[in-house]
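Student: Residue numbers (my numbering), protein chains in the order written: chain X, -3 to 90; chain Y, 2 to 534.
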Amino acid sequence: MEKIVLHLFIAGRTVRAERAIATLRRICEHELANYECELNIVDVLAEPQQAEVRRILATPTLIKEVPPPARRIIGDLGGDPHELLAALNLPPNP
Amino acid sequence: MNCWRRSICRQIRNVLCSPGEVVYLKPDHSMIERLPTGIPGFDHIANGGLPRGRTTLVAGTAGSAKTVFAAQFLAAGIEHGEAGVFVTFEESPTDLRRNMYGFGWDITEWEAQNRWAFVDASPQHDEELTVIGAYDLGALLARIEHAVKRTGATRVSMDSLGAIFTRLNDSRLVRNEMLRIAVRIKALGVTAVITAERSQEYGEIARYGVEEFVADDVVILRNLLEEEKRRRTVEILKFRGTTHQKGSFPFTVIPGRGIVVIPLSAIELKQRSSSLRITSGNSEMDRMCGGGFFRDSIILVSGATGTGKTLMATSFMAAGAVRGERSLLFAFEESRDQLFRNATGWGVDFEQMESDGLLRVVCNYPEVTGMEDQLISMQSEIASFRPQRVAIDSLSALERASTIKSFREFVIGLTSFIKHQEMAGLYTSTTPTLLGGTSITEAHISTITDSIILLRYVELFGEMRRGLTVLKMRGSSHDKEIREFTIDGAGMHIGRPFRNISGILSGQFTHLTPSEIERLSTMFRDDEHEAAG
Chain X
-3 MEKIVLHLFI
7 AGRTVRAERA
17 IATLRRICEH
27 ELANYECELN
37 IVDVLAEPQQ
47 AEVRRILATP
57 TLIKEVPPPA
67 RRIIGDLGGD
77 PHELLAALNL
87 PPNP
Chain Y
2 MNCWRRSICR
12 QIRNVLCSPG
22 EVVYLKPDHS
32 MIERLPTGIP
42 GFDHIANGGL
52 PRGRTTLVAG
62 TAGSAKTVFA
72 AQFLAAGIEH
82 GEAGVFVTFE
92 ESPTDLRRNM
102 YGFGWDITEW
112 EAQNRWAFVD
122 ASPQHDEELT
132 VIGAYDLGAL
142 LARIEHAVKR
152 TGATRVSMDS
162 LGAIFTRLND
172 SRLVRNEMLR
182 IAVRIKALGV
192 TAVITAERSQ
202 EYGEIARYGV
212 EEFVADDVVI
222 LRNLLEEEKR
232 RRTVEILKFR
242 GTTHQKGSFP
252 FTVIPGRGIV
262 VIPLSAIELK
272 QRSSSLRITS
282 GNSEMDRMCG
292 GGFFRDSIIL
302 VSGATGTGKT
312 LMATSFMAAG
322 AVRGERSLLF
332 AFEESRDQLF
342 RNATGWGVDF
352 EQMESDGLLR
362 VVCNYPEVTG
372 MEDQLISMQS
382 EIASFRPQRV
392 AIDSLSALER
402 ASTIKSFREF
412 VIGLTSFIKH
422 QEMAGLYTST
432 TPTLLGGTSI
442 TEAHISTITD
452 SIILLRYVEL
462 FGEMRRGLTV
472 LKMRGSSHDK
482 EIREFTIDGA
492 GMHIGRPFRN
502 ISGILSGQFT
512 HLTPSEIERL
522 STMFRDDEHE
532 AAG
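(1) So which residues on chain Y does Thr9(X) lean against when the C-beta distance must stay under 7 Å?
(2) Looking only at C-alpha atoms, which of Pro388(Y), Glu382(Y), Ser378(Y), Asn365(Y) sits nearest to Ser395(Y)?
(3) Please report whether the beta-carbon of Leu130(Y) lies at a distance below 7 Å from any beta-carbon of chain X.
(4) Taking three-plus beta-carbon pairs below 8 Å as touching, is the region 411 to 423 of chain Y in contact with the region 351 to 364 of chain Y?
(5) By Cβ distance, which residues of its chain are closer than 7 Å to Ala164(Y), with the 5 residues on each side in sequence left out?
(6) Which residues, taken in chain order from the region 155 to 185 of chain Y, show a beta carbon closer than 7 Å to some beta carbon of chain X?
(7) When the Cα atoms are used, what is the spatial distance from Lys150(Y) to Thr56(Y)?
(8) DSSP beta-bridge partners for Asp121(Y)?
(9) Please confirm whether Leu189(Y) has its beta-carbon closer than 7 Å to some beta-carbon of chain X.
(10) Thinking C-alpha only, which one of Met179(Y), Leu330(Y), Ser172(Y) is nearest Phe386(Y)?
(11) In chain order, what residues of the region 59 to 89 of chain X put their CB closer than 7 Å to some CB of chain Y?
(12) Please determine, among Val254(Y), Val235(Y), Pro41(Y), the residue with the shortest C-alpha to C-alpha distance to Phe104(Y).
(13) Any contact of the region 99 to 117 of chain Y with the region 184 to 195 of chain Y, i.e. 3+ C-beta pairs under 8 Å?
(14) With distances taken Cα to Cα, identify the nearest neighbour of Tyr136(Y) among Met(-3)(X), Pro77(X), Ala7(X), Ile23(X).
(15) Am I right that Gly476(Y) and Ile299(Y) are in contact with their C-beta atoms under 8 Å? What's the rounded C-beta distance?
(16) Use the C-beta contact count for Ile393(Y): other C-beta atoms within 10 angstroms, 16 or more gives buried, fewer gives exposed.
(17) Do you know how far the Cα of Val175(Y) is from the Cα of Asp39(X)?
(18) Closer than 7 Å, CB to CB, is Ala398(Y) near chain X or not?
(19) List, in chain order, every chain X residue whose beta-carbon is nearer than 9 Å to that of Ala147(Y).
(20) When you compare the CB of Ala54(X) with every CB in chain Y, is at least one pair closer than 7 Å?
(21) Per DSSP, which one or two residues make a beta bridge with Ser503(Y)?
(22) Counting contacts by CB-CB distance shorter than 7 Å, is Arg51(X) in contact with chain Y?
(23) Starting from Ser328(Y), trace the beta strand (DSSP E) in both directions and tell me its first and last residue.
(24) Assuming Phe43(Y) and Val262(Y) form a contact by the criterion Cβ under 8 Å, report the distance between their Cβ atoms to the nearest whole angstrom.
(25) I want to verify the contact list: residues of chain Y whose CB lies under 8 Å from the CB of Ala12(X), in sequence order.
(26) Evaluate contact between the region 371 to 386 of chain Y and the region 301 to 315 of chain Y, counting only Cβ atoms and requiring at least three cross-stretch pairs below 8 Å.
(27) In angstroms, rounded to a whole number, what distance separates the CA positions of Lys67(Y) and Arg223(Y)?
(28) Provide the residue(s) that pair with Asp160(Y) in DSSP beta bridges, ordered along the chain.
(29) In the structure shown, what three-state DSSP assignment does Thr62(Y) receive?
(30) Run through DSSP, which three-state label would Ala425(Y) get?
(31) Measure from the C-beta of Arg116(Y) to each C-beta in chain X and report whether the shortest distance is under 7 Å.
(32) From which residue to which residue does the beta strand (DSSP E) around Asp394(Y) run?
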């Protein structure tokens, strides 16, 4: 089973942060059900050093490094899940 | 109006002090506290510094030294024990560390000492960036706050706004977020500088309407092309609720120092003027001036080439050396060898004076540097040698190398600097025509100088002779006659006035017959009688 590692950077539990988390959980359970999904949520208010290392400006920011190619998406990830999958360069379930 | 003003005054007095006490309200002492930036000259035009705890917008076109200003704001703070955070949206920290090192700012060292911190928001080219849905700049704000707390910073620089606007492509969002950052910075008690691009030197303050959120304090840096010469100026457009100097001031960017503002009109011309006289090096000239030059005065010597200007400067310095005073000569027309040879020809030993530490000669070609840089380098020469006498031979050479505006600013800057040091300055100026005439130099600086001495060729019965007059001697009476003088191996000898010739200064000589002289003197005698009656 191929592994997907996602890092989501949020600044506190805002409405946008909750929306992004919900969207990611949903696609991991449905569109990406065939993958092993690892979702790390980093709150930059608690861990600013993490934001510094990754040079994050906007929140929410989603980073995918595994599998390559690396992708960075900013925004609350609302709307069509296929748009998000295309941006992450991940094929949905066959 | 007066009534209203009086009532306000009374209210203020009631609030501020007990009855009977006098309150002085000075415009400079507004309720807004200042943070001295430490940028040379800038605090002078800012009446003390940037408004503390606020965000100042520094706007300028490409190449106007915005980044240098932003970095120097932090560097100057660090030198005074204040830490700083640099938020970079454009250049990478690696580039900034390298580029700023040339100004003498060792950022790497400061970072190691936890006195300087970067928040790197420069573009990354390795990852593709997509926007899906709504976002804010919460992470950037968190990083700035973290860096401020980690270093205990009191200063933050953000450079530059345009870069983040172009990257995120949502102007309204970026504006709102930057406003949020400005508000947060204020709450942290930090003073901030934020730079922004302008598309042109005059017109809207900055692109993307950034002044909407940092409108309180605006500084503009300009990089103008005037008569094919680059000229940098800084203008404080506004400091809301407090004062600053109006208009634009020249500045220069110098290796090892950074931005140096030349606060011309802000220079207070309240130098102590002394009534102490010093010798010009020529006893007859001293007598014509009513007992010598004043110790802190500026003397302009004007004349055509070969009339004896360099000689006057030479004897002025030699007279200082005899009294153990140091002299500094800035020579822009003749080489060192030539000057020393000339001096020997008049019986002055420059080499001896130099080895006694009483003379320093600085020769350079003004065409090589801009006027602002020229001024700064001359000021530092004066400050390090600390002479009692300064001579410049000649100002006209400098004038040729600059625009009229820069030249005038240069002369004002140098003059007030010299006067502050309580030194005497002798400037020479070359007139373009051999007979009579004035130079542009004189037209632009005659009001600044305290004394003016004119040296002129006089054509007399087919022979070239020399004449001089003291045109102006501020604060003293002086000889108003045009006297003949000669030059020989012992220097200058001033003789009798020209009696039978007029129009010497204009170069349009008229020889007067004895009867004409008689008629003129009678005419003036009548006038005096009438005035007396």
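Here a beta-carbon is modelled for each residue, glycine too, at the ideal position from N, C-alpha and C.
Tutor: Let me spell this out:
(1) Position check: residue 9(X) holds Arg in this sequence, whereas Thr was assumed. By Cβ distance, chain Y contributes nothing, its closest Cβ being about 12 Å from Arg9(X), past 7 Å.
(2) Asn365(Y)
(3) yes
(4) no
(5) Phe90, Glu91
(6) none
(7) 18 Å
(8) Thr89(Y)
(9) no
(10) Leu330(Y)
(11) Ala66, Arg67, Arg68, Ile69, Ile70, Gly71, Asp72, Leu73, Gly74, Gly75, Glu79, Leu80, Ala83
(12) Val254(Y)
(13) no
(14) Ala7(X)
(15) Not quite, the Cβ-Cβ distance comes to about 12 Å (not below 8 Å), so this is no contact.
(16) buried
(17) 21 Å
(18) no
(19) Note on residue identity: the sequence assigns His, not Ala, to residue 147(Y). Those within 9 Å of His147(Y) in chain X are Val40, Pro44, Gln45, Ala47, Glu48.
(20) yes
(21) Thr511(Y)
(22) yes
(23) 328 to 332
(24) 5 Å
(25) The question names Ala, but residue 12(X) in the sequence shown is Arg. In chain order: Gly134, Ala135, Tyr136, Asp137.
(26) no
(27) 10 Å
(28) Thr89(Y)
(29) coil
(30) strand
(31) no
(32) 390 to 394
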